[in-house]
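Novice: Residue 13 is where the sequence shown starts when you use this note's numbering, and the numbers rise one by one after that.
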Amino acid sequence: MIIVTGGVGFLGSHLIDKLLLREEMIICLDNLYTSSLSNLEHIKNNKYYKFINHDVTDPLDDRLIQDISYIFNLACPASPVHYQYDPVKTVRTNVLGTFHCLQMAEKYDAQLFQASTSEVYGDPLEHPQKETYWGNVNPIGIRSCYDEGKRLAECLLFDYHRQKKISIKVARIFNTYGPRMAINDGRVVSNFIIQALTGQNITIYGNGQQSRSFCYVDDLIDGIITLNFSTDTSFTGPINLGNPVEFKLIDLAEMILRLTKSSSKIVFEKLPADDPRQRQPNIDLAKSILGWEPQIQLQEGLEKTIAYFRKKV
């Protein structure tokens with residue numbers, strides 16, 4: 013049996029699609045806080061899939077589960093719009109949610125995969141970011157509920173691993189995009205596409221020179237699967253999973269305008285507090301340990317994502 017927390021969300025739903033190919037029972041836990049069951053409508057009758065409406069900040073009733081082999085902890089809003097809406101809940105999800113997953117892993121001798129984030133690097137002073145970089149995070153800023161929550165989640169995993177010998181895998185996920193992102197997701201790719209398709213001004217916060225590295229969701233899920241089921245059980249991570257090709261936000265906006273054939277205008281607004289100026293993963297470790305690197309280039313991925321959102325709007 014495999015548990016996936018946050019399984020109805022953007023990444024979780026794609027992960028469950030891939031895990032179902034293993035023909036093992038998948039239990040999807042989600043409180044539907046920012047996600048919709050429509051993401052997994054196509055598998056609702058699959059005999060290997062079961063959905064349980066559950067908030068990971070509460071312990072799971074043992075009567076609902078048995079013989080767990082793997083746990084994938086993806087529970088937590090990943091968009092600033094969503095995780096800043098209720099920052100206390102975000103911290104509780106990252107810390108208590110991870111703690112409850114670790115308790116399950118200990119009880120059932122299961123391996124726990126933790127979806128960490130590039131946000132643990134904060135507004136980085138090292139570029140590109142290696143796993144050995146400790147980060148530059150404002151611990152009392154408006155993003156800290158997510159950034160510090162994920163950092164503490166990593167702390168919990170490695171303390172459990174060292175003290176209780178729990179098997180863990182930790183991936184630091186960089187900006188990911190693709191079909192099933194929510195229309196109100198709030199992240200830059202979905203924002204730009206929705207604005208372009210609906211004729212709104214494309215809003216860039218800052219001067220557009222800040223950079224991001226965008227990984228298509230299929231590539232990211234392949235990286236997660238490869239890491240979790242690696243035959244090298246001694247390798248725990250953390251490991252960066254993302255696309256190392258860096259783009260300025262102004263270039264992203266112009267590419268989306270071209271691909272959507274939109275007449276929208278680009279406008280500039282004030283940069284939010286603690287917004288990173290640069291974000292680019294060093295994926296040398298993923299290449300050498302996992303033999304993994306992204307295959308889908310930005311234009312191809314954007315075309316697939318734009319086609320998805322055209323149907324939505």
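Quick reminder that beta carbons are idealized off the backbone N, C-alpha and C, glycines included.
CA-CA distance, D73 and Q123?
Specialist: In the sequence shown, residue 73 corresponds to position 61, counting from 1. In the sequence shown, residue 123 corresponds to position 111, counting from 1. Between D73 and Q123, the C-alpha separation is close to 19 Å.
Novice: Report the CB separation of F204 from I152 in whole angstroms; it is logged as a contact under 8 Å.
Specialist: Sequence index remark: in the sequence shown, residue 204 carries index 192 (1-based). Sequence index remark: in the sequence shown, residue 152 carries index 140 (1-based). Actually they do not touch by this definition, with Cβ atoms about 30 Å apart.
Novice: In the DSSP assignment, what are the bridge partners of N252?
Specialist: Indexing the sequence shown from 1 puts residue 252 at position 240. N252 pairs with R184.
Novice: Does the separation of the CB atoms of A298 and L232 fall below 8 Å?
Specialist: Taking the first residue of the sequence shown as position 1, residue 298 is located at position 286. Taking the first residue of the sequence shown as position 1, residue 232 is located at position 220. No.
Novice: Going by DSSP in three states, G235 sits in which element: helix, strand or coil?
Specialist: By 1-based counting over the sequence shown, the position of residue 235 is 223. G235: helix per DSSP, three-state reduction.
Novice: Write down the C-beta distance between L31 and I14 rounded to the nearest angstrom, noting that I regard them as a contact closer than 8 Å.
Specialist: Walking along the sequence shown from the start, residue 31 turns up at place 19. Walking along the sequence shown from the start, residue 14 turns up at place 2. Correct: roughly 6 Å between the Cβ atoms.
Novice: Looking at C-alpha atoms only, which residue of K119, I185, R155 is the closest neighbour of Q96?
Specialist: The residue labelled residue 96 in the question sits at position 84 within the sequence shown. Looking at the Cα atoms, R155 is the closest of the given residues.
Novice: Please classify N203: does DSSP put it in a helix, a strand, or coil?
Specialist: Here residue 203 corresponds to residue number 191 of the sequence shown, with the count starting at 1. Here N203 sits in helix by DSSP.
Novice: Are C88 and I64 touching if we call contact CB-CB under 8 Å?
Specialist: Here the question's residue 88 lines up with position 76 in the sequence shown. Here the question's residue 64 lines up with position 52 in the sequence shown. Contact flag unset, no.
Novice: Measure the C-alpha to C-alpha separation of K324 and D263 and round it to an integer number of angstroms.
Specialist: Residue numbering aside, residue 324 sits at position 312 when the sequence shown is read from its first letter. Residue numbering aside, residue 263 sits at position 251 when the sequence shown is read from its first letter. Taking the straight line joining both Cα atoms gives about 25 Å.
Novice: Roughly how many angstroms separate the alpha carbons of P306 and Y217, rounded to a whole number?
Specialist: Reading the sequence shown from its first residue, position 294 is the one you call residue 306. Reading the sequence shown from its first residue, position 205 is the one you call residue 217. One C-alpha to the other measures close to 27 Å.
Novice: Locate the alpha helix (DSSP H) running through Y342, then write down its first and last residues.
Specialist: For the chain, the structure presents residues 13 to 325; residue 342 sits outside this window and is missing.
Novice: Determine the burial state of K162: buried for a count of at least 16 other Cβ atoms within 10 Å of its Cβ, exposed for fewer.
Specialist: Against the sequence shown, residue 162 aligns to sequence position 150. Buried, by the Cβ-count rule.
Novice: Who pairs with L124 in a beta bridge, going by DSSP?
Specialist: Locating residue 124 in the sequence shown gives position 112, counting from the first residue. DSSP, once it has assigned bridges, lists I83, I180 as partnering L124.
Novice: Do G6 and W304 have their CB atoms nearer than 8 Å?
Specialist: An answer regarding residue 6 cannot be provided, because it is not within the stretch 13 to 325 covered by the chain.
Novice: Can you give me the C-alpha to C-alpha distance between G190 and T215, rounded to a whole angstrom?
Specialist: Here residue 190 refers to the residue found at position 178 of the sequence shown. Here residue 215 refers to the residue found at position 203 of the sequence shown. Approximately 20 Å, taken between the alpha carbons.
Novice: Measure the Cβ-Cβ separation of V132 and G147 and say whether it is below 8 Å.
Specialist: Position 120 of the sequence shown holds residue 132. Position 135 of the sequence shown holds residue 147. It is a contact, given that the beta carbons lie within the stated cut-off.
Novice: Hey, is the stretch 223–230 in contact with the stretch 305–322, meaning 3+ C-beta pairs nearer than 8 Å?
Specialist: yes
Novice: Assuming S276 and Q207 form a contact by the criterion Cβ under 8 Å, report the distance between their Cβ atoms to the nearest whole angstrom.
Specialist: Locating residue 276 in the sequence shown gives position 264, counting from the first residue. Locating residue 207 in the sequence shown gives position 195, counting from the first residue. Yes, they are in contact, since the Cβ atoms of S276 and Q207 sit about 6 Å apart, within 8 Å.
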